[in-house]
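Novice:
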Amino acid sequence: MSTVRTVLAMRTRPGCEERFEAEWLAAAEQIGTLDGCLRQDLVRDADDPRTYLVMSDWADRERLDAFGRSEQRDRLLRVIRELRESAERHTYQVLHSMRADSGEAR
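Each residue of the sequence shown is one higher than the one before, starting from 1 at the first, in UniProt numbering.
1. Enumerate, from N- to C-terminal direction, the unbroken alpha helix (DSSP H) stretches of 4 or more residues contained entirely within the segment 47 to 106.
2. So, at 6 Å on beta carbons, what are the nonlocal neighbours of V79 in its own chain, with the 5 sequence-adjacent residues on each side left out?
3. Mark M10 as exposed unless 16 or more other C-beta atoms lie within 10 angstroms of its C-beta, in which case mark it buried.
4. Among F67, E18, A66, S2, which has the Cα closest to the Cα of L83?
5. Taking C-beta to C-beta, are T3 and D65 nearer than 9 Å?
6. Please say whether R73 and M55 have beta carbons closer to each other than 9 Å?
7. With distances taken from CA atoms, which of C37, E29, D101, R13 is nearest F67?
8. Should L95 go down as buried or exposed, given a rule of 16 or more other Cβ atoms within 10 Å for buried?
9. Assign Y92 to buried or exposed, taking buried as 16 or more other Cβ atoms, counted over all protein chains shown, within 10 Å of its Cβ.
10. Should L77 and A27 be called a contact, given that it needs their Cβ atoms to be closer than 9 Å?
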């Protein structure tokens, strides 16, 4: 099994940026305690403050898929869904990671 990364591109409704960020943080804190969740990042487009990427790393596809089908996921992300205009998700298998400070592969 190998690490998988999801990338979810979302665009918020006008004026919902701050609430979206707060709600994402609250959900991410709970999701981060789940078995298999390794990391989560929220990044905002430097040129469009309503566009975000939510990136998360999971230990394997099975645990990601289990979370994706869970009632817990629906409950945690319900408010976030109400604040967005659009969303598009992709899942990738992580092949290599390079640390910038050491040049070492992980």
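From the three backbone atoms N, C-alpha and C, an ideal C-beta is built for every residue, glycine too.
Specialist: According to the data block:
1. 61 to 68, 71 to 83
2. E23
3. buried
4. E18
5. no
6. no
7. C37
8. exposed
9. exposed
10. yes
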